[in-house]
Amino acid sequence: MIARTERKWTMVVDLDKCTGCEACVVACHAENNVPIVSQEQVVRGRAMHWIHIERYWEGEYPNVRARFIPLLCQQCQRAPCEPVCPVYATLHSEQENLNLQIYNRCVGTRYCQNNDPYKVRFFNFFDPVFDEPLNEQLNPDVTVRSAGVMEKCTFCVQRIRRAEERALVEGRALQDGEVVPACVETCPPSALVFGDLLDASSAVAQLLQNNQRAFRLLGHLGTEPSIYYLKGGTSRVGA
Amino acid sequence: MSVHRGDGLADGNPADGNPADQAPSEVTDQARQARARYLLLDERPMPDLVAQLLGPMQRAGPLYWLLFAVLGCMVLVAGGVWIYQMWWGIGITGLNRPVMWAVYIANFVYFIGIGVAGTFISAVLRVLRFQWRAPITRAAETLTVFALATSGLFPLIHLGRTWKFYWMLPYPNQRRLWPSYHSALLWDLTAILTYLTSSVLFAWLVMIPDLATVRDRIARGWRHRLMNVLALGWRGTEGEWSHLKTATTIFSLAIIPVMILMHSIVGWDFAMTIQAGWQSTVFGPYFVSGALLSGAAAVIIVLAVARKTLHLEYFLRAEHFDGMGRFLLVLSLAWAYFYFNDVLVPWYGQLPVDKTILQLFTSGRAAPLWSLMVFSNLVLPAATLWSRRVRTSIPAMVVISIFVNIGMYLERYLIVAVTLGRNELPFDWGAYVPHLPEILITVGAFSLIGFLFLVFVKLFPIIPIWEVREGQMKQGLRRIGRDLVPTRVDPD
């Protein structure tokens, strides 16, 4: 058993830098074996993207402006989805401040999704289908979820574990920037930054220090998310 | 001969010692009217009751078998749909993100609500000594058991992986996994199992003397063996009656808080969340009042159907519908009071998300359903049930009760399926439309209750004979001057 150091995995999303290109969405699908849902199912409101770009229009035509906000599991420290699960399929890692999801324990009450104010949990309405050649590129580190199971962003927990193991083998402490979730790795304008907030020298800690633009989504609910957004321009999204 | 009958109910002659018989004709008229109106004053000999009530149990006409086959098929279809859903996944229903709960959960809440009424009528009226309740308790208790059993299926039908349902039970296992009692679903599961167990036991307990009557008077063959077991060797001795009375009192008093708590917990399933429109401190009593409303109305429907089809005109009279109508009126006003509480506070607060939900109900897409709900649950009962003429008219009561049940079903549906479509982030709003599987399973659930009733009425007496006899023995007419006054003997 590995003795874990206390961490507070945190992501910073700079809305000024986000262009809404959705590269993060594709990267997440590839990394986490997120099922590709058919067009017909998407129309029925069953699209599955652990990270997705919510687009809001501001103003009236012709003076309109699109605003993007990438939304993923907020990894709340006081997550509303956790206590409602009757079988502990979703629960909190106190040491790492992660919101864990155990697919093979889930019985599919879908109570967590109802109590999730951000609606970033996704239910497998059917068994996933990976068309050729996508079935050849499934990530062996991540379970392929079956029908009737809830899933959501894990902060690429498999990458966190890999990095920890590598550091352990090499007999050193984990360094900032070693753990990079797929969305962060792929973001072309580097709008996403990931790291341990308890490490004062980390990039996220530096970014958030006295940052007037930082806010957390739906802060009034008291869920204490681990995702910090940096306001973009005159953006009023979520504030 | 009656000594060996063993059911403890003597075939007394009601004419003996009745003061009305020796009175002048004016008073006799009064007595006749009173008997025509009140069951408990209209005493008949035991063989009469047996013939009236137990006779139809031994016969089944073609209509019965037709209904039996139709309802049975509906149940089988629903079962098939359930298996199909387990095979393919919940995706065959209309559920989506964000509406993760819809018709199944609305059914669950609705049927549990129906199940509350039996206890209300049986236990509460028993404790408060409403004598007129005597003939209607059995139907109410039975409805409780059947509705609860049906509602208990819905959390299972709704599960994504039904076959793993036992993971929610606290059973010892090698990996020391335990269900999470943080979750309101576990409180719910515990409450339902407690209530189901206690209401089955309660219904059985108060049926024991009647089971003995059936055993001794009509049952042959396998029925006799069944009744022999279920009657627990009841012989009708003084000691047995006294034990039955004590046990019934204890059970009645104990089951009332269980009923109130159980349905409050169903309300808390919603109230414990942070979903706007659900998070409400008034949901406990609000849900209980709604449950009693729909349940009382359902009992009225069951009574009216049983009266017509089993020819129970002697037992079920206008006075019973009158009494139930009064309750329905009070419950309708109680429901409206709690609903007003639940709406007023968010409306006054004017939080954006609450405002959206209120607008959706009052002027948006859900406005037709919402208006029908308010009409059926409040406007119609409150406008009509003040009148004794309406309350004593059985067709009118049935129509009102059907409306109340439609209204209460819509209320559950609006709370579960429509409210969930609105949340804090407008990007994630959605709408739900029921698909064929949910509709078939819902029809199957109603059919299941009807089917169980069909089986029940051929095996067990739907009217509690001993309670009617007991009420009749306690009740009598007494002359005061030129007037005849119904009086009651109540030894305790």
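In order, the protein sequences belong to chains Y and F. If you're matching positions, the first sequence starts at 139 in our numbering and goes up one per residue. If you're matching positions, the second sequence starts at 4 in our numbering and goes up one per residue. We put the CB at the ideal spot given by N, CA and C, even for glycine.
1) Check for me: the alpha helix (DSSP H) holding F:Gly474 runs from which residue to which?
2) Leaving out five residues before and five after F:Ala274 in sequence, what residues of the same chain have Cβ atoms less than 8 Å from its Cβ?
3) Okay, do the stretch 251-271 of chain F and the stretch 326-337 of chain F touch, 3+ Cβ pairs below 8 Å being the bar?
4) How is the beta strand (DSSP E) around Y:Met149 delimited, first residue to last?
5) Please list, in chain order, all residues of the same chain as F:Asn426 whose beta carbon is under 8 Å from its beta carbon, the five residues on each side excluded.
6) Do Y:Leu153 and Y:Gly333 have their beta-carbon atoms positioned less than 7 Å apart in this structure?
7) Name, please, each residue of chain F whose Cβ falls closer than 7 Å to the Cβ of Y:Asp269.
8) So, does the CB of Y:Val150 fall closer than 7 Å to a CB anywhere in chain F?
9) Would F:Leu347 and F:Pro384 qualify as a contact pair, given that the criterion is a beta-carbon distance under 7 Å?
10) Residues of the stretch 172-186 of chain F with a CB closer than 7 Å to any CB of chain Y: list them in chain order, please.
11) Along the stretch 175-202 of chain Y, where does the CB come closer than 8 Å to a CB of chain F? Name the residues.
12) For the beta strand (DSSP E) containing Y:Ala204, list its first residue and its last residue.
13) Flag Y:His358 as yes if its beta-carbon sits less than 7 Å from any beta-carbon of chain F, otherwise no.
14) DSSP has F:Ala299 in a bridge; who is on the other side?
15) Do the stretch 198-208 of chain F and the stretch 114-132 of chain F touch if we need at least three Cβ pairs shorter than 8 Å?
16) If you measure beta-carbon to beta-carbon, which residues of the stretch 427-459 of chain F are closer than 7 Å to chain Y?
17) Can you tell me which of F:Tyr184, F:Thr312, F:Val333, F:Tyr317 puts its alpha carbon nearest to the alpha carbon of F:Ala300?
18) So, does the CB of Y:Gln213 fall closer than 7 Å to a CB anywhere in chain F?
19) For F:Ser379, which option in F:Tyr412, F:Gln36, F:Asp219 has the closest C-alpha, if you only look at C-alpha atoms?
20) With a threshold of 8 Å on Cβ separation, who are the neighbours of F:Met89 within its own chain once the five nearest residues in sequence on each side are excluded?
21) By the DSSP assignment, the alpha helix (DSSP H) with F:Met262 in it spans what residues?
22) Between the stretch 464-475 of chain F and the stretch 137-151 of chain F, do three or more beta carbon pairs fall short of 8 Å?
23) The beta strand (DSSP E) that contains Y:Gln239, what's its start and end?
24) Between F:Leu417 and chain Y, is there a C-beta pair that is closer than 7 Å?
25) Any heavy atom of the ligand MG closer than 6 Å to the Cβ of F:Arg47?
26) What residue from F:Asp191, F:Arg35, F:Gly64 has the CA that sits closest to F:Asp108's CA?
27) Any C-beta of chain Y within less than 7 Å: which residues of the stretch 101-133 of chain F qualify?
28) Just reading off the alpha helix (DSSP H) that Y:Ser231 is part of, what are its end residues?
29) Anyone know if the C-beta pair for Y:Glu158 and F:Asn99 falls short of 7 Å?
30) If you drop the 5 nearest sequence neighbours on each side, which residues of the same chain put their C-beta closer than 8 Å to that of F:Ala386?
31) Identify which residue in F:Phe111, F:Trp91, F:Gln33, F:Met60 has its Cα closest to the Cα of F:Ala420.
32) Restricting to Cα atoms, I'd like to know which of F:Ile466, F:Gln478, F:Trp68 is closest to F:Leu146.
33) Over the uninterrupted beta strand (DSSP E) stretch that includes Y:Tyr367, give me the two end residues.
34) Have a look at the DSSP bridge pairing and note the partners of F:Trp166.
35) When burial is assigned at 16 or more other CB atoms within 10 Å of the CB, is Y:Glu178 buried or exposed?
36) Run through DSSP, which three-state label would F:Arg485 get?
Short version:
1) Looking at the DSSP string, the run of the alpha helix (DSSP H) that includes F:Gly474 is 468-477.
2) Contacts found: Trp281, Gln282, Ser283, Thr284, Phe286, Gly287.
3) The stretch 251-271 of chain F is not in contact with the stretch 326-337 of chain F.
4) Where Y:Met149 is concerned, the enclosing beta strand (DSSP E) stretches over 147-152.
5) For F:Asn426, the CB contacts under 8 Å within the same chain, skipping 5 residues up- and downstream, are Pro101, Gln278, Ala279, Val356, Trp432 in chain order.
6) No, they are not a contact pair.
7) Correct list: empty, because the minimum Cβ distance to chain F is about 17 Å.
8) By this cut-off, Y:Val150 is not an interface position.
9) The answer is no: Cβ separation not under 7 Å.
10) Considering only beta carbons, the part of the stretch 172-186 of chain F lying closer than 7 Å to chain Y consists of Pro182, Ser183, His185, Ser186, in chain order.
11) The residues in question are Gln179, Arg182, Gly183, Arg184, Ala185, Glu192, Arg193, Tyr194.
12) First-last of the beta strand (DSSP E) with Y:Ala204: 203-209.
13) For Y:His358, the answer is no, since every Cβ of chain F falls outside 7 Å of its Cβ.
14) Beta-bridge analysis with DSSP links F:Ala299 to no other residue.
15) Yes, since at least three Cβ pairs between the stretch 198-208 of chain F and the stretch 114-132 of chain F fall closer than 8 Å, the two stretches touch.
16) In summary, the residues of the stretch 427-459 of chain F whose CB is separated from some CB of chain Y by less than 7 Å are Glu427, Leu428, Phe430, Asp431, Gly433, in the order they occur in the chain.
17) Of the candidates F:Tyr184, F:Thr312, F:Val333, F:Tyr317, F:Val333 places its Cα closest to the Cα of F:Ala300.
18) Closer than 7 Å: no.
19) Nearest of F:Tyr412, F:Gln36, F:Asp219 to F:Ser379, Cα basis: F:Tyr412.
20) Around F:Met89, the same chain offers Thr165, Trp166 as residues with beta carbons nearer than 8 Å, after the five sequence neighbours per side are excluded.
21) Element bounds for F:Met262: 241-274.
22) The stretch 464-475 of chain F vs the stretch 137-151 of chain F: in contact.
23) Annotation: the continuous beta strand (DSSP E) that includes Y:Gln239 extends over 236-239.
24) Contacts with chain Y at 7 Å (Cβ-Cβ) do not include F:Leu417.
25) In the structure shown, the ligand MG is absent, as is every other ligand, since no ligand is present at all.
26) For the sequence presented, residue 108 of chain F should be read as Ile rather than Asp. It is F:Asp191.
27) Listed by position, the residues of the stretch 101-133 of chain F near chain Y (Cβ gap below 7 Å) are Pro101, Met103, Trp104.
28) Segment 228-231 is the beta strand (DSSP E) holding Y:Ser231; no alpha helix (DSSP H) there.
29) Reading off the sequence shown, one finds Gly at residue 158 of chain Y, where the question assumed Glu. With respect to the 7 Å criterion, Y:Gly158 and F:Asn99 are not classified as neighbours on the basis of their beta carbons.
30) So no residue of the chain qualifies.
31) Considering only alpha carbons, the answer is F:Phe111.
32) Distances from the CA of F:Leu146 to each of F:Ile466, F:Gln478, F:Trp68 were compared; the closest alpha carbon is that of F:Ile466.
33) Element bounds for Y:Tyr367: 365-368.
34) Bridge pairing for F:Trp166: absent [DSSP].
35) Answer is exposed; the Cβ neighbour count stays below 16.
36) The three-state reading of DSSP puts F:Arg485 in coil, since its state is none of H, G, I, E or B.
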